[in-house]
Amino acid sequence: MKNFRPELLAPAGSYESILAAVRCGADGIYVGGKNFSARANAVNFSDEELKAAAEYCHTHGVKLYRAMNTVILDSEAEEFCREVRFSAETGIDGLIIQDMGAAYLAAMTVPNMPLHGSTQMTVHTPLGAIAAKNAGFCRIVPARELSLREIQAICRTGIETEVFVQGAQCMSLSGQCYMSALIGSRSANRGQCAQACRLPFCAGRKKNTDSYALSLKDMSLMSHIGKLTESGCASYKIEGRMKRPEYVAAAVTALRKAIDSGECPEKDISRLEAVFSRSGFTDGYLTQSLGREMFGFRRKEDVTAAKSVLPELASLYKDEKRGADISFFLTVKENTPVSLSFSSEGISGAVTGGIPEKAVSRSLSPEDAEKQLSKLGGTRYKSADVQCEIDNGITIPAAELNRLRREAVSQCDRLMCEKNTPKYEISEYIPERSYCLSRNTDIAFRVMTSDPETLKASLEYAKSAIAPVSVCGKLSEDSLIERTAVSLPDIVTDEEKLLRSLEALAQRGFTSFVCGNFTHLGVLSQLSGIKLIGGTGLNITNSYALKRFAQLGISEAAASFELKAAQFSALDKVIPTGFYAYGRLPLMITRNCPVKAQSGCMKKNCGITDRTGRFFPVECDGGKYARVRNCTVLETSDKLNDFKGASFALLDVGNMPPEGAVSVIQRYIRREKPSGEFTRGLYYRGFAEADKERTVRR
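The opening residue of the sequence shown carries number 60 in our numbering; numbering runs sequentially from there.
In structure tokens, the structure reads:
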């Protein structure tokens, strides 16, 4: 561990940010292309810009990763494979991916392309990290909500761990936020987040446009880099592909000092806070100091503070940093072409010039040659050594020496780029699908409830049920146990304790367990002889994800509720597939309850109100995490025929009393039209139409 040096990974949403990151000391940079990037609102990179970025980075010994971390649709599979193929041809060092269908397609297209599991995969425990590794990922980006102890535990698994240490902090676990999608059709999982959480929300039922109950301060872990390095973190990641180059320069400069010396000067932190913050920074999750102090919003003084530091920050990356040593050996022999050999960082080569001239007044001296060859301004090199072997009585013009020097530097750059550019096995794989039309099947109703009495009453009418571990522990009748699947906590805080509870339930006869994220997959892999059911948290939006999860042991799955009904119907359902048919859709899963932070714990019947007066219920799970629900109930009772090939429909009645739940089930059995206020979710409006502008590679 003494010689271990973690990677400094910087964001870049433009080519200028690439320059800022490299020149301020980044070891790696992550970018997005025009397609499939979870920051669709960033400038992002065209094909030519990606090629130029890869060449510049590899010439400077910096790795370039591409974020392709959106969920994809079946209609985009071929284009996604073309983008992966182009990334390999360009020399991208790895892909950051969320969607398991995308991971499957990438592996089929370029088998030896390194895949990094995006933070949107919601990996937050050691077993979750191991599950991701077993699924083909060589690196994972765990959830940003983890404590130092939890990060240390993940690092001990041996998989490369990339930790966010600076930048925006989402209120929800990444990958589990649907607020922007359901409010405005702009899906965070499609890179279109409209940041609805930054708008006014207040705890309780009263509207207050001066309260920001869902807006967290930016995270900054600069003062904890030493402890994180001791933990074995492989990479420190800065968030900010949508931020300006000056921010990238400030963040990289500060983090470079923190990594190299173990501490970051207060001046650099203040400068970073000035260029962008939301009422300051927070390290609340890492130190487990949750509560009101973690919340903040972009104030007027935050905006004006940036103006004073921008010129200073721009100067940090104005010029190339001359950090690479280069050595020259000049050979000037009579009647022989001039030769200039060079070596730098393990690279060597030579360039040749013309025949030297007879000296008229003064022969070329070693001092003259060294003076010309050391003129390396504007390059990344500094002269380490110049040696010469020059015959007497001959010379070469200074212009020729300068030309040879420039050619040598150019060739050294080219060789360095070739050395650092990975080579891949690229296949001609074309995504396969059966294109079979989904048949209408008898839809089985599956009730989701957190109340034991409601579960018992519901199973008089519904085929099966899903209930939390605590509720399942209260069931004793075999007829209920065999028809009930166990749902795991959205956030697992104690794997061993949870595993003991699950083993006890399995011994009592429970055979079906719901897997909503990779941590669940990892925990449930420890049990044998059970049936795994994929939950909506897996964000399954394409047939390839269904196929890959089936390979990983999932027996049946619920598709993402961000799909249109028609898109659901078109899925190749290689395993029984269902959909979320009723309930208040989950908008967020957060480790920092917005109600408790703003007003103190209200136990039950709590929620938040937006600037328009809409009330969003908030459910708490023993103080470990909170779930924000939609303000309006999703209804599809009269639209079930639109979900062709569905094997089951999820009826999420929550803590509804038995009579209410039974009424809902009966209405769905009769397929009656709902009354009162309700929503169809995204089933008929789908994602935002930004996809019309998608760049298509022919």
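Glycine is no exception: its CB is placed at the ideal position from the N, C-alpha and C atoms.
- For the set Gly659, Arg473, Gly250, the Cα lying nearest the Cα of Phe746 is the one of Gly250.
- The DSSP-derived three-state label of Ala262 is strand.
- Non-local C-beta neighbours of Gly291 in its own chain, meaning closer than 6 Å and more than five positions away in sequence, comprise Cys214, ordered along the chain.
- Contact between Leu611 and Leu580 is confirmed by a C-beta separation of about 7 Å, below the 8 Å threshold.
- Spanning the alpha carbons of Glu204 and Gly343 requires a straight line of approximately 9 Å.
- Between Phe387 and Val445, the C-beta spacing is below 8 Å.
- For Asn461, the CB contacts under 8 Å within the same chain, skipping 5 residues up- and downstream, are Gln431, Lys434 in chain order.
- Runs of the alpha helix (DSSP H) lying entirely within the stretch 535-597 and spanning at least 4 residues, in chain order: 537-540, 554-566, 577-583.
- Runs of the alpha helix (DSSP H) lying entirely within the stretch 123-188, each at least 4 residues long, are 136-149, 159-168 in chain order.
- Taking a cut-off of 8 Å for Cβ pairs, the stretch 112-131 and the stretch 467-482 touch, as three or more such pairs fall below it.
- DSSP places Asp319 within a helical segment (H, G or I) once states are collapsed to three.
- The beta carbon of Glu621 sits closer than 6 Å to those of Ala240, Ser246, Leu741, all from its chain and outside the five residues before and after it, given in chain order.
- Fewer than three Cβ pairs drawn from the stretch 164-180 and the stretch 665-673 lie within less than 8 Å of each other, which leaves the two stretches out of contact.
- Taken through DSSP and simplified to helix, strand or coil, Arg650 comes out as coil.
- Between Gly226 and Glu298 a beta carbon distance of about 2 Å is seen, short of the 8 Å cut, so the two are scored as contacting.
- Closest option to Ile728, judged by alpha-carbon separation, among Glu352, Leu710, Glu541: Leu710.
- Pairing Ile210 with Ser177 gives a Cβ-Cβ distance that is not under 8 Å.
- DSSP places Asp669 within a strand segment (E or B) once states are collapsed to three.
- The beta carbon of Lys192 is closer than 7 Å to those of Ile218 in its chain, skipping five residues each way along the sequence.
- The beta carbons of Lys632 and Leu591 sit no closer together than 8 Å.
- From the listed residues Gln725, Thr570, Ser442, Pro645, the smallest Cα separation to Leu693 is found for Pro645.
- In the pairwise beta carbon analysis, the stretch 270-284 is classified as touching the stretch 330-341: at least three pairs are separated by under 8 Å.
- The beta carbon of Leu349 sits closer than 6 Å to the beta carbons of Gly343, Asn651 from its chain, once the five residues preceding and following it are set aside; these are given in chain order.
- Beta-bridge partners of Tyr295 (DSSP): Leu67, Val222.
- Here Ala624 has Asp701, Phe702, Tyr742 as same chain residues with Cβ atoms under 6 Å from its own Cβ, once five neighbours each way along the sequence are excluded.
- No Cβ-Cβ contact shorter than 8 Å links Ile525 with Arg567.
- The C-alpha of Leu630 lies about 16 Å from the C-alpha of Tyr163.
- The three-state secondary structure of Asp680, taken from DSSP, is coil.
- For Ile525, the uninterrupted beta strand (DSSP E) segment begins and ends at 523-527.
- The beta carbon of Ser486 lies closer than 8 Å to those of Met167, Thr168, Val169, Pro170 in the same chain, with the five residues before and after it left out.
- If you look at Leu207, you'll find it in the alpha helix (DSSP H) that goes 207-214.
- For Cys447, no alpha helix (DSSP H) encloses it; the enclosing beta strand (DSSP E) starts and ends at 440-449.
- The Cβ atoms of Cys323 and Ser282 sit closer than 8 Å to each other.
- In the structure shown, the three-state DSSP call for Ser424 is coil.
- Membership of Asp106 in the alpha helix (DSSP H) is indicated by the continuous run 106-118.
- When the beta-carbon positions are compared, Phe356 and Lys302 stay at least 8 Å from each other.
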